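Numbering (the numbering used here), first residue to last: 230 to 428.
Structure first, commentary second.
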């Protein structure tokens, strides 16, 4: 680590999330995050709505302030639960960073500004709290897929090629055939979405 920062003294810091690191994050996007300002999105408002809907509170835990005015609220990763990364599933501007995800940490600096630890919630002063049961339930409950803006039919095009070619030459489709009994819903959806376009 000392060697890395000697070689790249201006490098920013990322913290891996998920089961291996033992923590995950509720990422509250600020109003200036990405295109939020133009869309009128503020993750703080979504979090207030979420708290009111569930009559819940956020316990004292490690927390950071992001350059967009957002928050990284860090929780202990619970045993025996799978937490997936998600964007906006809890509300506009509310993301979950978990396994294979990461957060940028203080004192990293990006064009929008500097990441800082919230003064009463620094990682050297508090520990990551258990995620409240109501919030954990909201995070882990599978949400219905919104298909409102999706096309309701697939255009079959000659460039997609014959289905038989896909079945014999696509590693993913071979995986589907070999593991048909244990495929997840997402894998079936991906397979069917691709095969239905074939001629």
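Quick reminder that beta carbons are idealized off the backbone N, C-alpha and C, glycines included.
The structure presented is a predicted model; accordingly, all values stated were derived computationally and were not measured.
Could you give the distance in angstroms between the alpha-carbon of residue i and the alpha-carbon of residue j?
{"i": "residue 336", "j": "residue 396", "result": "50 Å"}
{"i": "residue 344", "j": "residue 292", "result": "11 Å"}
{"i": "residue 331", "j": "residue 394", "result": "38 Å"}
{"i": "residue 347", "j": "residue 290", "result": "10 Å"}
{"i": "residue 258", "j": "residue 412", "result": "34 Å"}
{"i": "residue 275", "j": "residue 358", "result": "21 Å"}
{"i": "residue 241", "j": "residue 339", "result": "8 Å"}
{"i": "residue 271", "j": "residue 302", "result": "16 Å"}
{"i": "residue 363", "j": "residue 356", "result": "20 Å"}
{"i": "residue 260", "j": "residue 321", "result": "11 Å"}
{"i": "residue 392", "j": "residue 409", "result": "17 Å"}
{"i": "residue 297", "j": "residue 273", "result": "12 Å"}
{"i": "residue 315", "j": "residue 286", "result": "21 Å"}
{"i": "residue 354", "j": "residue 401", "result": "47 Å"}
{"i": "residue 368", "j": "residue 294", "result": "21 Å"}
{"i": "residue 398", "j": "residue 352", "result": "50 Å"}
{"i": "residue 230", "j": "residue 244", "result": "14 Å"}
{"i": "residue 312", "j": "residue 425", "result": "31 Å"}
{"i": "residue 247", "j": "residue 310", "result": "11 Å"}
{"i": "residue 262", "j": "residue 334", "result": "16 Å"}
{"i": "residue 342", "j": "residue 234", "result": "20 Å"}
{"i": "residue 469", "j": "residue 423", "result": "Here the chain comprises residues numbered 230 to 428, so residue 469 is not present and cannot be evaluated."}
{"i": "residue 388", "j": "residue 417", "result": "Legend: pLDDT at residue 388 = 45, less than 50; position of this residue unreliable, no value from coordinates given."}
{"i": "residue 366", "j": "residue 427", "result": "39 Å"}
{"i": "residue 269", "j": "residue 403", "result": "45 Å"}
Give me the DSSP bridge partner(s) of residue i.
{"i": "residue 255", "result": "302 and 325"}
{"i": "residue 292", "result": "302"}
{"i": "residue 244", "result": "332"}
{"i": "residue 345", "result": "294"}
{"i": "residue 358", "result": "304"}
{"i": "residue 339", "result": "342"}
{"i": "residue 455", "result": "For residue 455 there is no data in the structure shown, the boundaries of the chain being 230 and 428."}
Should residue i be labelled buried (16 or more other beta-carbon atoms within 10 Å of its own) or exposed?
{"i": "residue 300", "result": "buried"}
{"i": "residue 415", "result": "exposed"}
{"i": "residue 405", "result": "buried"}
{"i": "residue 282", "result": "exposed"}
{"i": "residue 326", "result": "buried"}
{"i": "residue 284", "result": "exposed"}
{"i": "residue 421", "result": "exposed"}
{"i": "residue 319", "result": "buried"}
{"i": "residue 350", "result": "buried"}
{"i": "residue 323", "result": "buried"}
{"i": "residue 279", "result": "buried"}
- Query: At a cut of 8 Å, does the stretch 303 to 315 reach the stretch 252 to 264 through at least three beta carbon pairs?
  - Reply: Output reads yes: the stretch 252 to 264 touches the stretch 303 to 315.
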